[in-house]
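Residue 1 is where the sequence shown starts when you use UniProt numbering, and the numbers rise one by one after that. Glycine residues also receive a C-beta, built at the ideal position from the N, C-alpha and C atoms. All values derive from a computational prediction rather than experimental measurement.
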Amino acid sequence: MKVITWNVKELVYCTIAFLQMTEQQVHAWSLDANQYVADEDDVTYSCRVSGVLLLEEVVSSCGEGIDAIVEAANKRFSESQQEKAAGSAVWWRKREATIFALASLSEPLLEAEDAVSTRFSLGNLLDQILTEDIGTGLHEYPFLHARAFSAAAKFSSVISPRVVEQFLCAAITAVGLDVPPPVKVGACRALSQLLPDANKSIVQPHMMSLFSSLMDLLKHASDETLHLVLETLQAAVKAGHEALVSIEPIISPMILNMWALHVSDPFISIDAVEVLEAVKSAPGCMRPLVSRVLPSIGPILEKSQQQPDGLVAGSLDLMTMLLKNAPMDVVKAVYDTCFRSVIRIILQSDDHSEMQNATECLAAFVSGGRQEMLAWGGDPGLTMRSLLDAASRLLDPDLESSGSLFVGSYILQLILHLPSHMAQHIRDLIAALVRRMQTCQISGLKSSLLLIFARLVHMSAPNVEQFIDLLITLPAEGHEHCLAYVMSEWTKLQGEIQGSYQIKVTITALALLLSTRHAELAKIHVQGHLIKSSAGITTRSKAKLAPDQWTVMPLPAKILALLADMLIEIQEQALAGDDEDSDWEEVQAQDGFTDQELIYSAGPTSAGKPTTEHLDVMAKVFNENEDDGYEDDLLIRSDPLNEINLANYISDFFMKFSETDRPLFDHLFRNLSPAQQNAIRSVHNRVRA
Numbered sequence: 001m002k003v004i005t006w007n008v009k010e011l012v013y014c015t016i017a018f019l020q021m022t023e024q025q026v027h028a029w030s031l032d033a034n035q036y037v038a039d040e041d042d043v044t045y046s047c048r049v050s051g052v053l054l055l056e057e058v059v060s061s062c063g064e065g066i067d068a069i070v071e072a073a074n075k076r077f078s079e080s081q082q083e084k085a086a087g088s089a090v091w092w093r094k095r096e097a098t099i100f101a102l103a104s105l106s107e108p109l110l111e112a113e114d115a116v117s118t119r120f121s122l123g124n125l126l127d128q129i130l131t132e133d134i135g136t137g138l139h140e141y142p143f144l145h146a147r148a149f150s151a152a153a154k155f156s157s158v159i160s161p162r163v164v165e166q167f168l169c170a171a172i173t174a175v176g177l178d179v180p181p182p183v184k185v186g187a188c189r190a191l192s193q194l195l196p197d198a199n200k201s202i203v204q205p206h207m208m209s210l211f212s213s214l215m216d217l218l219k220h221a222s223d224e225t226l227h228l229v230l231e232t233l234q235a236a237v238k239a240g241h242e243a244l245v246s247i248e249p250i251i252s253p254m255i256l257n258m259w260a261l262h263v264s265d266p267f268i269s270i271d272a273v274e275v276l277e278a279v280k281s282a283p284g285c286m287r288p289l290v291s292r293v294l295p296s297i298g299p300i301l302e303k304s305q306q307q308p309d310g311l312v313a314g315s316l317d318l319m320t321m322l323l324k325n326a327p328m329d330v331v332k333a334v335y336d337t338c339f340r341s342v343i344r345i346i347l348q349s350d351d352h353s354e355m356q357n358a359t360e361c362l363a364a365f366v367s368g369g370r371q372e373m374l375a376w377g378g379d380p381g382l383t384m385r386s387l388l389d390a391a392s393r394l395l396d397p398d399l400e401s402s403g404s405l406f407v408g409s410y411i412l413q414l415i416l417h418l419p420s421h422m423a424q425h426i427r428d429l430i431a432a433l434v435r436r437m438q439t440c441q442i443s444g445l446k447s448s449l450l451l452i453f454a455r456l457v458h459m460s461a462p463n464v465e466q467f468i469d470l471l472i473t474l475p476a477e478g479h480e481h482c483l484a485y486v487m488s489e490w491t492k493l494q495g496e497i498q499g500s501y502q503i504k505v506t507i508t509a510l511a512l513l514l515s516t517r518h519a520e521l522a523k524i525h526v527q528g529h530l531i532k533s534s535a536g537i538t539t540r541s542k543a544k545l546a547p548d549q550w551t552v553m554p555l556p557a558k559i560l561a562l563l564a565d566m567l568i569e570i571q572e573q574a575l576a577g578d579d580e581d582s583d584w585e586e587v588q589a590q591d592g593f594t595d596q597e598l599i600y601s602a603g604p605t606s607a608g609k610p611t612t613e614h615l616d617v618m619a620k621v622f623n624e625n626e627d628d629g630y631e632d633d634l635l636i637r638s639d640p641l642n643e644i645n646l647a648n649y650i651s652d653f654f655m656k657f658s659e660t661d662r663p664l665f666d667h668l669f670r671n672l673s674p675a676q677q678n679a680i681r682s683v684h685n686r687v688r689a
């Protein structure tokens, strides 16, 4: 390491030259733009990839790595200027390699902790490199211009606004010119990243010509370039909402045709649907788009068994997109065309993709149509029976788990929007949920079914004891009763549940259950702490461990431990600074909780130190602006429980529980790990302070 550190500047300088395009690459990529795009996106081993890997290692291992890279880039750029002035035919390769090196290291360069001064010099260097040849030599040096376009987008936060604007306008112009394909590829990459944050006053005058150019590109795109053009078109549609209504009659049919041609390709079809979703969101475009889609999609779903592979599943996905955030009249129009077909697909299809997409579509119908939907078919009872029949098929314990994958979201919509109709079926629903859970092969499905139980706990409040009594009366194979089985699975899987809404509902439901102090809870014993093996295996490796390496603990103590674990994770997240607006930091702001108390209380959970992946999930869990995806969006929009401040809720629970039943609290507290006890103490200390 000492030898390398002493020579790191020379090493980086040589490596940048090693990244230059070869004659063979120039020839192959000039003949085939698809191959160029494919190789650019390919992360498999190659000379260029190996050079970038070396530079990445230099950045992470050498304290002077970033300065060495900026200095070497500056030197290589100066050399390319000299070679260009001397009339060299290949001067551009050295400059392209320099920009490629910087662009490949954009994240570490921008995120370097000690690079405040370096970032300013980096911005100045990039301004100079990127603007040197902008707008000239597009035909002679297409790969250089392609690289400059994509690099400008990656470094838009450090280069000057004037240069960003130059590249934005140049990219808009380039996609409409008769220039080599690599230039258009680079321009599309720049536009897809720059348009979302672009100044509307700059781009609006060019939007019509940009749409025209992109739609022309779409006609000639194929394979890898098709994905890029659709991605760019989506960014353009979002940026040009005001101008879209006049050209929606042109864009929508073209994208629908593209979707139909590539419906069996999930990547292209998803891109097309996302463009259509952006069109739907533009002012005045939703109803015209729906009127174009329904006449084609209705017959496809009606004759689903006669359609080629992928067409039915894709059509259902398209229907779900139309229903998302749609006004009631649009939901009804889609219902009139497709509802019966969607029900039939769920009841009869054996194709898992069709069943999954139909389930999501049905959940969207319930979310958008609500009570009004029951009367649309003329017979509310018949419509409700159809919804329940679909739920019954999806909860069939003999159905492969993949076919049932999204049943949790669907049933939650039924519970949230048709509660009076579902109330009379709760007992049968719980029995069906348990049977489905016991044959489930996918942990994500099992977690989604546990979420339903958690939501039922909330719906039973303030009579949670009655819900517990109901669970006790229902059987569960291999367990004393349904409650014992559900709580065994719930406490085992709680740490794997992801998503802000899901964690809030399940954690707070556990607190509600514990608050009842129901006598039956204490009779149930569940998996407790891990006893470390001699090899030092941590709890996160529990799948590899024998059952006798886990302790057994009373259910109330386990629930208290899970609540403490949640508190620890929120505290760790706040300490890590992953989310400035986290719930825990809101508690700090409101209650004066000090950093010293945070540090004292933070520690590993009862299941050991969380993995990086788990902490990454937790870093996002409490970001209220995080996009949790469409399935979660349905839940979040319709459930007030998502407004819960989890840190406040858990803190209040611990205070109230200890005050109202101190002997029981002290008894359960003794079962906790030191880290869990410290977390709870910190809450009490904060209140006393």
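**Message:** For Pro554, report the span of its beta strand (DSSP E) as first-last.
**Reply:** 550–554 is the extent of the beta strand (DSSP E) around Pro554.
**Prompt:** In this structure, does DSSP put Met1 in helix, strand or coil?
**Reply:** It is coil, neither helix nor strand.
**Prompt:** What is the residue span of the alpha helix (DSSP H) that Gly298 lies within?
**Reply:** Start and end: 286–302.
**Asked** Using a Cβ-Cβ cut-off of 8 Å (strictly less than) and excluding sequence neighbours within five positions of Leu105, which residues of its own chain qualify?
**Response** Result list for Leu105: Val52, Leu55, Glu56, Val59, Ile69, in chain order.
**Message:** My parser needs the beta strand (DSSP E) runs of 3 or more residues fully inside the stretch 340–389; what are they?
**Reply:** Entirely contained in the stretch 340–389, not one beta strand (DSSP E) run reaches 3 residues.
**Message:** By the three-class DSSP mapping on this structure, what secondary structure does Val457 have?
**Reply:** Helix at Val457.
**Request:** Starting from the C-beta of Cys440, find all residues in its chain whose C-beta is less than 7 Å away, skip the five residues before and the five after it, and write them out in chain order.
**Result:** The answer, listed in chain order, is Ser401, Lys446.
**Message:** Helix, strand or coil, according to DSSP, for Gln424 in the structure here?
**Reply:** Residue state for Gln424 is assigned as coil, using DSSP reduced to three classes.
**Message:** Classify Ser246: buried if its beta carbon has 16 or more other beta carbons within 10 angstroms, exposed otherwise.
**Reply:** Here Ser246 is exposed: its Cβ has fewer than 16 other Cβ atoms, across all protein chains shown, within 10 Å.
**Asked** Apart from the five residues on each side of it in sequence, which residues of its chain come closer than 6 Å, Cβ to Cβ, to Ile343?
**Response** Answer for Ile343: Ser386, Ala390, listed in chain order.
**Prompt:** Taking DSSP as the reference, what is the three-state secondary structure of His59?
**Reply:** Residue identity differs from the one stated: residue 59 is Val in this sequence, not His. In the three-state reduction of the DSSP assignment, Val59 falls in the helix class, which pools H, G and I.
**Message:** Going by C-alpha to C-alpha distance, which of Thr516, Asp32, Met208 sits closest to Ile559?
**Reply:** For the residues Thr516, Asp32, Met208, the minimum Cα distance to Ile559 belongs to Thr516.
**Request:** Consult DSSP for His417 and reduce its assignment to one of helix, strand or coil.
**Result:** It is helical.
**Request:** Go ahead and pull the three-state DSSP assignment for Ala476.
**Result:** Residue state for Ala476 is assigned as strand, using DSSP reduced to three classes.
**Asked** In terms of residues, what are the limits of the alpha helix (DSSP H) holding Gln502?
**Response** Taken as a continuous stretch (DSSP letters only), the alpha helix (DSSP H) holding Gln502 covers 500–515.
**Request:** Taking all protein chains shown into account, decide if Arg455 is buried (16 or more other Cβ within 10 angstroms of its Cβ) or exposed.
**Result:** Per the 10 Å Cβ criterion, buried.
**Anticipated Cβ contact below 8 Å, Leu195 with Ala239, distance rounded** = 4 Å between Cβ atoms; contact.
**Prompt:** Can you tell me the Cα-Cα spacing of Met553 and Asn671, whole angstroms?
**Reply:** The alpha-carbon atoms of Met553 and Asn671 are separated by roughly 8 Å.
**Request:** Run the CB neighbour count on Glu496, radius 10 Å, all protein chains shown included, and call it buried at 16 or more, exposed below.
**Result:** Counting other Cβ atoms within 10 Å of its Cβ, Glu496 stays below 16 and is therefore classed as exposed.
**Request:** Evaluate Ala190 with the Cβ neighbour count: other Cβ atoms within 10 Å of its Cβ, from every protein chain shown; 16 or more gives buried, anything less gives exposed.
**Result:** Buried, since its Cβ has 16 or more Cβ neighbours within 10 Å.
**Request:** Assess, as a yes-or-no matter, whether the stretch 352–367 is touched by the stretch 309–325 under the definition of 3 or more beta carbon pairs within less than 8 Å.
**Result:** Judged by Cβ distances under 8 Å, the stretch 309–325 makes contact with the stretch 352–367, as three or more pairs qualify.
**Asked** Is any heavy atom of the ligand HEM found at a distance shorter than 7 Å from the C-beta of Leu414?
**Response** Here there are no bound small molecules, and the ligand HEM is not part of this structure.
**Asked** From which residue to which residue does the beta strand (DSSP E) around Gln20 run?
**Response** Element bounds for Gln20: n/a, residue is neither H nor E.
**Prompt:** Going by DSSP, what residues sit across from Leu530 in a beta bridge?
**Reply:** BP columns for Leu530 point to Trp550.
**Asked** What does DSSP give as the partner residues of His206 in its beta bridges?
**Response** Paired residue(s): none; His206 is not in a bridge.
**Message:** Which residue marks the beginning of the alpha helix (DSSP H) containing Val229, and which one marks its end?
**Reply:** Residues 224–239.
**Item:** First through last residue of the alpha helix (DSSP H) which encompasses Pro308
**Value:** Segment: none, Pro308 is in no alpha helix (DSSP H) and carries neither H nor E.
**Prompt:** In whole angstroms, what separates the C-alpha of Thr551 from that of His525?
**Reply:** So the two alpha carbons sit approximately 10 Å from each other.
**Message:** Just to confirm, is the Cβ distance from Leu395 to Ala432 under 8 Å?
**Reply:** In contact: Leu395 and Ala432 (Cβ atoms closer than 8 Å).
**Asked** If we ignore side chains and look at the alpha-carbon of each, how far apart do Met566 and Ile644 end up?
**Response** Annotation: Met566 to Ile644 spans about 14 Å, alpha carbon to alpha carbon.
**Request:** Report yes if the C-beta distance between Leu214 and Leu233 is below 8 Å; otherwise report no.
**Result:** It is a contact, given that the beta carbons lie within the stated cut-off.
**Nearest neighbour of His667, chosen from Pro556, Ala564, Ala679, Asn678 [CA to CA]** = Among Pro556, Ala564, Ala679, Asn678, the Cα nearest to that of His667 is on Pro556.
**Request:** On a CA-only basis, which of Ala511, Ala484, Gly499, Asn124 is nearest Lys523? Give me that one, please.
**Result:** For Lys523, the nearest C-alpha among the options comes from Ala484.
**Item:** Where His27 sits in the DSSP three-state scheme
**Value:** Collapsing the DSSP output to three states places His27 in a helix.
**DSSP-derived helix/strand/coil call for His262** = Residue state, collapsed to three classes: coil.
**Neighbourhood of Pro308 by C-beta distance below 8 Å, restricted to the same chain and skipping five residues each side** = The residues Ser264, in chain order, have a CB closer than 8 Å to that of Pro308 in the same chain once the five nearest residues on each side in sequence are set aside.
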